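A short worksheet on the structure shown next.
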Amino acid sequence: MKEHNERTILLVDGQSFYASIEKAAHPEYRDMPVAVGDPTRKSGIILAACPMAKDRGVTTASRVEEALTLCPDLVIIKPRMQRYITISLFITQIFESFTDLVEPYSIDEQFLDVTGSVGLYGSAEEIARQIQHKIKLSTGVWSRVGIGPTKILAKTATDNFAKKHPEGIYRLDQTNIEQELWPLPINKMFMVASRMTKRFVMQGINTIGDIAQMELTAFKQLMRKIMGKQSDIQAEYYWQTARGIDPSPVVSAIRGALKSVSHGKALRASLYSRKADIEVVIHELCAEVCRRARRIGVQGRVVSLGIGETDGQRVNSFGRQTTLDYPTNLTQELQAAILKLFNEYWQGMPVSYITIVLTQLAGDEVQYLDLFMDRAKIYDLECATDRIRERYGEAAILRASSLLDAGVAHERAGQIGGHYK
């Protein structure tokens, strides 16, 4: 029986999300194995595979060449990230027709607190079936739904049971966790990865129930042996997770106050050994950081640079920061500070990644004056170029240096998160 004030939470997961969207968009591939990736890059990875492809051995993160070896008739479709984001947001609207407490967990997973919706739409299972039907009818994506009194149990129900259940719906709560959850291998517990799994197994902890059935004091002592004296908080987290305890609420607004604006790029080190080529990428990243800052109306006074470099034998990385005389979101000011850090700390090896961060943020309603440059005029000019890019596309205005072989801005203009739009 449901306890007084017990919550009812769903975790809805879109099955093979990217691949399902592409199959719905290409009915000619309905009876064929489909994966999402870049078919022109044999060393690239598979981002998603439909169930038919998975049955043939194709897995997420496998190489394109490997996937084609396992499944020669595999149809590989180039990703369309903007399309996936748009559909994810549309699915959020479906969820919000049942409850206003919707919390995105990833692009294809979202938590819903339907405690107050049960009286209107039926049991949690009935709500789950309605959600499945609406999503399938609207997008072609089949969803699995985990149900529980906590977010931890809803997530665990989805990952370990709903995915294997014919209906795609499974409830996990205090009435069945001993029979269903506790016998699972320890690596199936939420937030237990391979390294922690090895540590637990070495101590004789093989199942989730091995933790759940221990007294908390005894488990803390064991964790101190594994992780050191400062592990009590981590021990309590694992112990509560094993017992399905999770007081965290489902919140519709999960972003706190913005503390930084950043941008980074992983590079093929063999192509970025010349200082001039590296500086091209630094400028592009500075321009994007400043553009993002202007979009949200902030400027920052502390700038940070992270660099990874390697010559194939030696590896070096550094992170350095400096404080400006006044906050900025102007590209040339950020670039000058970043280049100074780069020239001071770069050891001369080919660069494998660059990250630029702007912190100690303040609003940009006030522009500081400078005797030697018209900062207000430069700000207005950069805002004008921002508006052109927003209207006509990321590549509408580019520096000439971005058209050099070293430039990455033109390529990234057609991408979201490193993937094609």
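Numbering-wise (the UniProt record's numbering), the sequence shown opens with residue 1 and increments by one.
For every residue, glycine included, the Cβ atom is placed at its ideal position computed from N, Cα and C.
Source: prediction; values computed, not measured.
Legend entry - Backbone secondary structure at residue 1 - three-state DSSP: Its pLDDT being 44, under 50, residue 1 is placed unreliably in this model, and the value from its coordinates should be taken loosely. Residue 1 sits in coil when the DSSP states are folded into three classes, being neither helix nor strand.
Inset, instruction - State the DSSP-derived secondary structure class of residue 301, mapped to helix, strand or coil. - result: strand
Inset, instruction - On the DSSP bridge assignment, give the partners of residue 358 in chain order. - result: 261, 303
Inset, instruction - Look at the alpha carbon of residue 83 and the alpha carbon of residue 141, and state the distance between them as a whole number of angstroms. - result: 13 Å
Legend entry - Cβ-Cβ distance between residue 245 and residue 131 below 9 Å: no
Legend entry - Runs of alpha helix (DSSP H) wholly within the stretch 89–148 (minimum 4 residues, chain order): 118–121, 124–139
Legend entry - Closer than 8 Å: residue 6 CB and nearest the ligand GTP heavy atom: The ligand GTP is absent from the structure shown, which contains no ligand whatsoever.
Inset, instruction - Taking only the alpha-carbon atoms, compute the straight-line gap between residue 358 and residue 129 and give it to the nearest angstrom. - result: 45 Å
Inset, instruction - Go ahead and pull the three-state DSSP assignment for residue 20. - result: helix
Inset, instruction - Please say whether residue 46 and residue 422 have beta carbons closer to each other than 9 Å? - result: Nothing in the structure corresponds to residue 422, since the chain is present only between 1 and 421.
Legend entry - Three-state class that DSSP yields for residue 315 in the structure shown: strand
Legend entry - For residue 185, the residue or residues it bridges with in DSSP: 207
Inset, instruction - Could you tell me whether the stretch 323–340 touches the stretch 263–273, using the rule of 3 or more Cβ pairs below 8 Å? - result: Cβ pair count under 8 Å is below three, so no.
Inset, instruction - Buried or exposed for residue 117, please, with buried defined as at least 16 other CB atoms from any protein chain shown within 10 angstroms of its CB. - result: buried
Legend entry - CB contact flag (residue 88, residue 50, <9 Å): Their beta carbons are not under 9 Å apart, which means residue 88 does not touch residue 50 by this criterion.
Inset, instruction - Return the bridge partner residues of residue 321 from the DSSP annotation. - result: 304
Inset, instruction - Starting from the Cα of residue 33, find the closest Cα among 76, 162, 40, 208 and give me that residue. - result: 76
Inset, instruction - To the nearest angstrom, report how far apart residue 280 and residue 63 are at their CA atoms. - result: 30 Å
Legend entry - Closest by C-alpha distance to residue 14, when choosing among 55, 109, 59: When only C-alpha atoms are compared, the closest one is 109.
Inset, instruction - Look at the Cβ atom of residue 184, then the Cβ atom of residue 147, and state whether they are nearer than 9 Å. - result: no
Inset, instruction - With distances taken Cα to Cα, identify the nearest neighbour of residue 387 among 174, 292, 112. - result: 292
Legend entry - residue 341, enclosing alpha helix (DSSP H) - first and last residue: Per DSSP, the continuous alpha helix (DSSP H) segment holding residue 341 begins and ends at 331–345.
Inset, instruction - Using alpha carbons as the reference points, say which of 181, 361, 126 lies closest to residue 167. - result: 126
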